[in-house]
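Numbering-wise (my numbering), the sequence shown opens with residue 93 and increments by one. Worksheet: one structure, shown below.
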Amino acid sequence: MPTDSMRDKLMEAAASVIRERGLAGTTIRMISKAAGVAEGSVYNHFTGKHELISAVFVERMPRILLKDAIGKLLSSVGQGTVIGNLEALAQDAVVAYRELDAIAAMLISDPETAATLRQDLAERRLGPARGLEAVAAYVKIEEAQGRVVLPAAPMILVAALLGGCHEYAFQQLFHDESPFGDDLGAFAGRLVGALFRAPGDPAVAPR
């Protein structure tokens with residue numbers, strides 16, 4: 093089996109075991125068994141459990157980093173409406189943050205894996221900060237084209253947008269119904285409306 097295929101097979105098996113057993117309960121033996129290979133095969137591609145799991149988080153669970161949602165946003169420059177594009181991002185972000193919170197909880201129980209992940213993200217120039225920068229770049233481009241009004245610095249607005257999405261996802265861990273009184277679509281609309289304006293719209297968004 094080609095090297096890349098074996099590496100992918102091991103990461104797929106690890107992701108499956110993590111979802112079933114949790115991070116603390118995942119072992120190299122379980123991963124190799126799920127992949128149908130000898131334990132020694134894992135060490136041909138990874139230094140150990142921590143590096144393998146870090147690779148899984150970075151490469152096999154891209155929604156954690158909002159990769160797909162942000163990629164869709166960046167491809168929408170000049171298309172549709174900026175407000176609509178940001179509302180779509182907000183809804184996707186809430187779903188992604190639900191996964192992120194679950195992963196964060198697991199990482200708290202395994203500081204060594206968390207440290208490996210931080211190093212991996214730094215070396216690849218990935219992580220939450222890259223998401224903020226990408227969305228800020230998007231709104232700056234749309235502002236330059238006259239398609240949106242930014243009442244504050246782009247990074248501040250984007251931090252408020254994604255921070256609000258994270259809070260919505262976090263609250264859903266504890267409440268069956270939204271504490272904001274909205275379903276996800278309505279919440280995304282109100283959040284974006286409070287932070288961004290289309291040219292010619294009132295300066296204050298309705299409550």
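Just so it is clear, CB atoms sit at the ideal spot from N, CA and C, and this is done for glycine as well.
{"Asked": "Spatially closest choice to HIS137 from ARG99, ALA127, ASP160 and ARG210, by CA coordinates", "Found": "ARG99"}
{"Asked": "In DSSP terms, what ARG289 is bridged to", "Found": "VAL241"}
{"Asked": "Rounded separation between PRO298 and ALA197 - CA only", "Found": "Because PRO298 sits at a pLDDT of 47, beneath the cut-off of 50, its placement in the model cannot be relied upon, and the following sentence gives the value as read from the coordinates. Between PRO298 and ALA197, the C-alpha separation is close to 36 Å."}
{"Asked": "For PRO243 and ARG289, believed in contact at Cβ under 8 Å, the rounded distance", "Found": "7 Å"}
{"Asked": "Secondary structure of TYR260, DSSP reduced to three states", "Found": "helix"}
{"Asked": "4-residue-minimum alpha helix (DSSP H) runs that sit fully inside the segment 137 to 170, ordered along the chain", "Found": "141 to 147 and 159 to 166"}
{"Asked": "Nearest to ARG239 (by Cα), restricted to the options GLY140, GLN171, VAL284 and ARG222", "Found": "GLN171"}
{"Asked": "Range covered by the alpha helix (DSSP H) that runs through LEU192", "Found": "174 to 200"}
{"Asked": "Alpha helix (DSSP H) segment containing ARG210, residue limits", "Found": "203 to 216"}
{"Asked": "CB-CB length for ILE120 against GLU104, believed under 8 Å", "Found": "Contact doesn't hold; Cβ gap of about 15 Å is too wide."}
{"Asked": "Nearest-angstrom beta carbon gap, THR205 and SER146 [assumed within contact, 8 Å]", "Found": "7 Å"}
{"Asked": "Assigned secondary structure, GLY277 (DSSP; H/G/I helix, E/B strand, else coil)", "Found": "helix"}
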